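Numbering (numbering that gives the first Met the number 0), first residue to last: 0 to 175.
C-beta: ideal position from N, C-alpha, C; glycine also.
Quantities reported herein were computed from a predicted structural model and do not represent experimental measurements.
The structure appears right after this line, and notes come after that.
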Amino acid sequence: MENTVFRYAFSKEDWLEGYGVAYKLYKRKFTYIKAALFVIPLILFIQGVIVDPNYTMGYICIAVCAAAVLCILATPKLERRSYEHAAEYLEGDSYELSVEGSRLVLTTVSAPDSEIPKQPTVVELSDRSFKGVETENIFGAFTKAASIVVPKKSLSADEQEALRSVLITKQEKTEK
């Protein structure tokens, strides 16, 4: 399976599905932890205001903590909206995914009139944060620093099986 190349293009929906998987794997838990860090003092300040209604600083701290919690919980939705907008510009490109030993290299096949070459995305299969994922529509190779999304509809059955063997086999080795 070494030095295999997959060529594909993907739609905005495929890319956003991959973003959703990466968010669930790496960011969602920490979003809730950060929110909880502000919910705890929020509850304590509410208790302080109930005990002493003249505690003016308590009201200010309640407002600050509540605003922080709302901002932390709203950030993923705002981030996804930004990614939706950015994904519109990626739809016309085509990609080559190379399996080179223990790493995956994704290069963008630029149009001839493109003046700026794009840097390849590299995912090391030996990275401790690596996760290989298969959903109904996509294959994904994710680390904390990079992600690669490959739509299943762009690959033949043999290519899907070959990519599955690289991603899932590595995932099983990582989990043991």
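My understanding is that residue i touches residue j, with C-beta atoms under 8 Å, so please give their C-beta distance in whole angstroms.
i: ILE147; j: VAL122; result: 5 Å
i: ALA8; j: ASP92; result: 7 Å
i: SER153; j: LEU124; result: Actually they do not touch by this definition, with Cβ atoms about 21 Å apart.
i: THR30; j: PRO75; result: 6 Å
With distances taken between CB atoms, is the gap from residue i to residue j smaller than 8 Å?
i: VAL104; j: PRO119; result: yes
i: ILE167; j: LYS151; result: no
i: LEU96; j: TRP14; result: no
i: THR142; j: GLU16; result: no
i: ALA86; j: LYS11; result: yes
i: TYR18; j: TYR82; result: yes
i: ALA145; j: GLY131; result: no
In the DSSP assignment, the beta strand (DSSP E) including residue i goes from what residue to what residue?
i: LYS130; result: 130-133
i: SER146; result: 146-150
i: LEU77; result: Per DSSP, LEU77 belongs to no beta strand (DSSP E); it is in the alpha helix (DSSP H), 55-86.
i: GLY139; result: 137-141
i: GLU123; result: 120-123
i: LEU41; result: Looking at the DSSP string, LEU41 is not in any beta strand (DSSP E); the run it does join, the alpha helix (DSSP H), is 27-50.
i: LEU105; result: 102-108
i: PHE5; result: 3-7
Excluding five sequence neighbours on each side, which residues of the same chain lie with their C-beta closer than 6 Å to the C-beta of residue i?
i: THR106; result: GLU95 and PRO119
i: CYS60; result: PHE44
Residues in its own chain within less than 7 Å of residue i by CB, not counting five upstream and five downstream?
i: TYR54; result: GLY47 and VAL48
i: CYS64; result: PHE37, PRO40, LEU41 and PHE44
i: GLU158; result: PHE5
i: HIS84; result: none
i: THR173; result: Low per-residue confidence applies at THR173: pLDDT is 43, beneath 50, and the placement is therefore not dependable, though the value from the model is reported in the following sentence. Answer for THR173: PHE129, listed in chain order.
i: VAL149; result: PHE5, TYR7, LEU96, ILE137, PHE138 and LEU162
i: ASP126; result: THR142
Does the Cβ of residue i lie closer than 7 Å to at least one heavy atom of the ligand ZN?
i: TYR7; result: No copy of the ligand ZN occurs in the structure displayed, which carries no ligand at all.
Sorted by chain position, which residues of the same chain lie with C-beta nearer than 8 Å to residue i's C-beta, five sequence neighbours on each side aside?
i: MET0; result: Low confidence applies to MET0: its pLDDT is 49, below 50, so where it sits in the model is not reliable, and the reading given next is rough at best. Counting only Cβ-Cβ distances below 8 Å, and skipping sequence neighbours, we find VAL98, ALA161, SER164 and VAL165.
i: LYS33; result: ILE71
Counting only beta-carbon separations shorter than 8 Å, does residue i have a partner in chain B?
i: LYS130; result: No chain B is part of this structure, which consists of one protein chain only.
Can at least three beta-carbon pairs, one atom from the stretch 62-69 and one from the stretch 34-42, be found at a separation below 8 Å? Short answer: they touch.
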